[in-house]
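Trainee: Would you mind keeping the following structure in view while I ask a few things?
Numbering (this note's numbering), first residue to last: 510 to 695.
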């Protein structure tokens, strides 16, 4: 069975929004290598509408600058979870709008490599609640981003989940990639 792996950039103060503003100085060759390894170990992306819209706007124009990484992002199958997205224009996109947990479970059962999710939001929470998320990779950046809007933070009021540390990688820039798996339910 395929795994679903969430990969999220987070600052020391729990900010996940607008990573393009605060992650740049930390994205060196070592981080790029890990990101490349991660992407090419998967053959599909799953995302919520907001992440989809941001990626669909940016990635089609980034192939020349990012090479094989950009080509992979643009050509691999993408699954956007949304009740409002009707006509996705980004290549190879399927919208999941009904029976979301069941549809995601079906994706996991299909043959292929793992499934990657960038960002942390309602879709991630839904997958955690239904036991569908297999790994949570937090790229902890040594910066205080200063965001104070609830939707830009990793934490969501009233949402609780427990994890176990599965792996840690410390990059030369001070970024810690902490990989967690869901803790067994008691």
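Even for Gly, the Cβ is constructed at its ideal location relative to N, Cα and C. Note that this is a predicted model, so its numbers are computed, not measured.
Would you give the residue range spanned by the beta strand (DSSP E) that residue 691 belongs to?
Mentor: Within the chain shown, residue 691 is the residue found at index 182, counting from 1. From DSSP, the beta strand (DSSP E) with residue 691 extends over 685 to 691.
Trainee: Just curious, the beta strand (DSSP E) that residue 645 is in, first and last residue?
Mentor: Your numbering for residue 645 matches position 136 in the chain shown. Per DSSP, residue 645 belongs to the beta strand (DSSP E) from 644 to 650.
Trainee: Please list the terminal residues of the continuous alpha helix (DSSP H) segment that includes residue 571.
Mentor: Translated into the one-based positions of the chain shown, residue 571 becomes position 62. Unbroken run through residue 571: none, as it is neither H nor E.
Trainee: For residue 540, count neighbouring C-beta atoms within 10 Å of its own C-beta (all shown protein chains included) and say buried if the count is 16 or more, exposed if not.
Mentor: Indexing the chain shown from 1 puts residue 540 at position 31. Buried, by the Cβ-count rule.
Trainee: Put residue 654 into one of helix, strand or coil per three-state DSSP.
Mentor: As a first step, residue 654 is located in the chain shown; it is residue number 145 there, counting from the start. If DSSP states are grouped into helix, strand and coil, residue 654 belongs with coil.
Trainee: Grouping DSSP H, G and I as helix and E and B as strand, with all else coil, what is residue 537?
Mentor: The residue you call residue 537 lines up with position 28 of the chain shown. Of the three classes helix, strand and coil, the one that applies to residue 537 here is coil, per DSSP.
Trainee: Thinking C-alpha only, which one of 644, 635, 620 and 623 is nearest residue 557?
Mentor: Here the question's residue 557 lines up with position 48 in the chain shown. Measuring from the Cα of residue 557, the nearest candidate turns out to be 635.
Trainee: Return the Cβ separation of residue 691 and residue 613 in integer angstroms, given the expectation that the two are a contact with Cβ distance under 8 angstroms.
Mentor: For the purposes of this step, residue 691 is taken as residue 182 along the chain shown, with counting starting at 1. For the purposes of this step, residue 613 is taken as residue 104 along the chain shown, with counting starting at 1. Residue 691 to residue 613, Cβ: 15 angstroms. No contact.
Trainee: Whole angstroms are fine: how far does the CA of residue 670 sit from the CA of residue 579?
Mentor: Counting from one through the chain shown, the residue named residue 579 turns up at place 70. Counting from one through the chain shown, the residue named residue 670 turns up at place 161. Computed Cα separation, rounded: 33 angstroms.
Trainee: Can you tell me the Cα-Cα spacing of residue 675 and residue 648, whole angstroms?
Mentor: Counted from its first residue, the chain shown places residue 675 at position 166. Counted from its first residue, the chain shown places residue 648 at position 139. So the two alpha carbons sit approximately 14 angstroms from each other.
Trainee: Take residue 663 as the anchor and find which of 523, 512, 513 and 515 has the nearest alpha-carbon.
Mentor: Locating residue 663 in the chain shown gives position 154, where the first residue counts as 1. Among 523, 512, 513 and 515, the Cα nearest to that of residue 663 is on 523.
Trainee: Would you mind stating whether residue 623 and residue 550 have Cβ atoms separated by less than 8 angstroms?
Mentor: Along the chain shown, read from residue 1 onward, the residue named residue 623 stands at position 114. Along the chain shown, read from residue 1 onward, the residue named residue 550 stands at position 41. Cβ atoms of residue 623 and residue 550: closer than 8 angstroms.
Trainee: How many Å lie between residue 609 and residue 628 at the Cα?
Mentor: Residue numbering aside, residue 609 sits at position 100 when the chain shown is read from its first letter. Residue numbering aside, residue 628 sits at position 119 when the chain shown is read from its first letter. Going by the C-alpha atoms only, they are around 18 angstroms apart.
Trainee: Confirm the yes/no value for this check: CB of residue 684, any heavy atom of the ligand ADP, distance under 7 angstroms.
Mentor: This structure simply doesn't include the ligand ADP, nor any ligand for that matter.
Trainee: According to DSSP, simplified to helix, strand and coil, what is residue 583?
Mentor: Position 74 of the chain shown holds residue 583. Here residue 583 sits in helix by DSSP.
Trainee: To test your reading of the DSSP string, which unbroken beta strand (DSSP E) runs of 3 or more residues are found completely within the segment 597 to 632?
Mentor: Runs found: 602 to 605 and 623 to 627.
Trainee: With residue 513 as the anchor, note down where its beta strand (DSSP E) starts and where it stops.
Mentor: Locating residue 513 in the chain shown gives position 4, counting from the first residue. 513 to 520 is the span of the beta strand (DSSP E), which, as asked, contains residue 513.
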